[in-house]
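Chains as they are written, first to last, in the numbering used here: chain A, 956 to 1206; chain B, 26 to 150. Take a look at the structure below.
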Amino acid sequence: MSKINTNLNVILEKLGEMKKLFHYGEKIVPIIESITQFVDETMPLLDNVNASIVESTHKMPQATNQINDVTSATELATTEILDLIDEIGNQVAKIKEELSSINKSGTSNLERLEKLKALVGDNPSALKIIDELVDSLPVYESVDRILKNIEVIEEASYKITLSLQVQDITSQQLEAVNHLISSVHEKLNDLLKDFGEYEMDQDNYNTGLNSGQHFDANAKYTEHGSKQSDIDKIIEEQQKTSQDEIDKLFS
Amino acid sequence: MEPNFLVVDDSVTMRRIVTNSLKTLGYNKFAEAADGKEALEKLNADESINFVITDWNMPVMTGLELTKAIRGNPKTENLPILMVTTRGVKEDIIQALQARVSNYVVKPFTPQILKEKIDAILASS
């Protein structure tokens, strides 16, 4: 009899636990329903995010190609400018040569007229004509002035050439951006591949030069030569250190 | 002996600017290469080249790798090498000096700086 009582007690205990469980279930069910509703509502949003990432990932190669096009265009334009500067240089050199020749013949004619003046002696009319001829000669002063102006043009052309170093520096900056886009593209591609919903579009993507060795991400265009003194100081320090080390070995 | 330069840079613009500067400085002998590998081929093919002006950042083979390759070859180990680059941080300069570049010019440069460095290298070699 007492065994039956014990069993009944256990059954009652278990029933009590089940009751508690049902009671707890009644409380948890609405929460689970809320979570399900939340997930249902979030799914389209996540689909949108996923679609945006896929779309952005597809657009990245296009952005890279556009940057490459900009670099090619600026390089082409810079080459054209350099060609024109070379042409200006060639023409200026010819003009200088011709002016020097005019200057030389002017000097020679002047010398002849000075000799003639000496031969004519005291004839005022003849001397006046000779002086007029001297004045009418292409004067060296103006030739010299033109030559100096030409030097200014040459100097300016050369400065333009030097300023075109900006093309190399900006192309390295653009290449750094390209490298960054390419890295993000690869990461996104890996992420999307994990979801199993995306195949990378490699057709139009130039990743051939992706090592990062062919550009300097920190390249900056500054005033010409302004950084050189700092570089020279570092070189001097390093060379001094090396020499000191050598001296220590021999002391 | 008149210097015969090899100008190494992947940028067509920079090669033109460096060669134009050399012409302005009165030098008339130079060849060009677009990367370190092409430079080594030109050095092998033309023994009259006796001065290398190289960029650092280049595809295929960088200027630093080129410098190490030149210094590692008994035929070219004493060749003057001037590094002309945008890289201006101390670590880079130390790395270049350890690779035994003869001197270092940072872009954008002026012809005076280029002349100064070339003259110094020629005077010491």
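No residue lacks a Cβ here, since even glycine has one placed at the ideal position from N, Cα and C.
Residue-level contact to chain B via CB, residue i, 7 Å cutoff
i: A:T1026; result: no
i: A:Q1017; result: no
i: A:H1140; result: no
i: A:I1115; result: no
i: A:E1191; result: no
i: A:D1038; result: no
i: A:K1195; result: no
i: A:D1158; result: Unreliable placement is indicated for A:D1158, whose pLDDT of 49 sits below 50; the coordinate value is still reported in the next sentence. No, its Cβ sits nowhere closer than 7 Å to a Cβ of chain B.
i: A:D1202; result: no
i: A:L1119; result: yes
i: A:K1188; result: no
i: A:T1033; result: yes
i: A:K1072; result: no
i: A:I1124; result: yes
i: A:Q1198; result: no
Cβ of residue i within 7 Å of any chain A Cβ
i: B:A58; result: no
i: B:N103; result: no
i: B:K132; result: yes
i: B:I95; result: no
i: B:M83; result: yes
i: B:G61; result: no
i: B:K67; result: no
i: B:L139; result: no
i: B:S36; result: yes
Per DSSP, the bridge partner or partners of residue i
i: B:L107; result: B:I78 and B:N128
i: B:A56; result: B:L31
8 Å contact criterion, which residue i and residue j should meet: CB distance rounded
i: B:V114; j: B:T92; result: The Cβ separation is near 17 Å, so there is no contact.
i: B:D118; j: A:I1124; result: A small fix is needed here, since residue 118 of chain B is Ile in this sequence, not Asp. Incorrect: roughly 18 Å between the Cβ atoms, too far for contact.
i: B:L31; j: B:A64; result: 6 Å
i: B:S36; j: A:S1118; result: Contact flag wrong, Cβ pair sits at about 15 Å.
i: A:E1030; j: A:Q1122; result: 6 Å
i: A:N1064; j: A:L1092; result: 6 Å
Given residue i as reference, the closest of the options once Cα atoms are compared
i: A:K1051; options: A:L963, A:K1188 and A:I1105; result: A:I1105
i: B:G51; options: B:N29, B:A64 and B:K67; result: B:N29
i: A:A1174; options: A:I1186, A:K1203, A:Q1128 and A:K1188; result: A:Q1128
i: A:E1066; options: A:D1086, A:S1080 and A:A1048; result: A:D1086
i: A:D1038; options: B:T38, B:M26, B:V33 and B:E27; result: B:T38
i: A:Q1120; options: A:K982, A:R1100, A:T1033 and A:M1015; result: A:T1033
i: A:V1213; options: A:N962, A:G1061 and A:V1132; result: Because chain A is modelled from 956 through 1206, residue 1213 of chain A falls outside the range shown and cannot be assessed.
i: A:T1026; options: A:D1185, A:P1079 and A:F1170; result: A:F1170
i: A:V1089; options: A:E1069, A:S1080 and A:R1100; result: A:E1069
i: B:N75; options: B:M83, B:E27 and B:A121; result: B:E27
Residue i CB to nearest heavy atom of the ligand MN below 6 Å
i: A:D1024; result: Because no ligand of any kind appears in the structure shown, any question about the ligand MN cannot be addressed here.
Does the stretch 84-103 of chain B come within contact of the stretch 51-61 of chain B, defined as at least 3 CB pairs closer than 8 Å? The answer is yes - the stretch 51-61 of chain B touches the stretch 84-103 of chain B, with three or more Cβ pairs under 8 Å.
Decide yes or no for the touch test of the stretch 127-138 of chain B against the stretch 1179-1194 of chain A: beta carbon pairs closer than 8 Å, at least 3 of them. With three or more CB-CB distances shorter than 8 Å, the stretch 127-138 of chain B counts as touching the stretch 1179-1194 of chain A.
Are three or more beta carbon pairs between the stretch 1057-1076 of chain A and the stretch 1106-1116 of chain A nearer than 8 Å? no
Can at least three beta-carbon pairs, one atom from the stretch 1193-1204 of chain A and one from the stretch 44-54 of chain B, be found at a separation below 8 Å? no
Report yes or no: do three or more beta-carbon pairs, one from the stretch 1131-1150 of chain A and one from the stretch 1002-1016 of chain A, lie closer than 8 Å? yes
Taking one C-beta from the stretch 1012-1021 of chain A and one from the stretch 1121-1141 of chain A each time, how about it: are there three or more such pairs within less than 8 Å? yes
Taking contact to mean at least 3 C-beta pairs separated by less than 8 Å, is the stretch 97-115 of chain B in contact with the stretch 72-82 of chain B? The stretch 97-115 of chain B and the stretch 72-82 of chain B touch, with no fewer than 3 CB-CB distances between them shorter than 8 Å.
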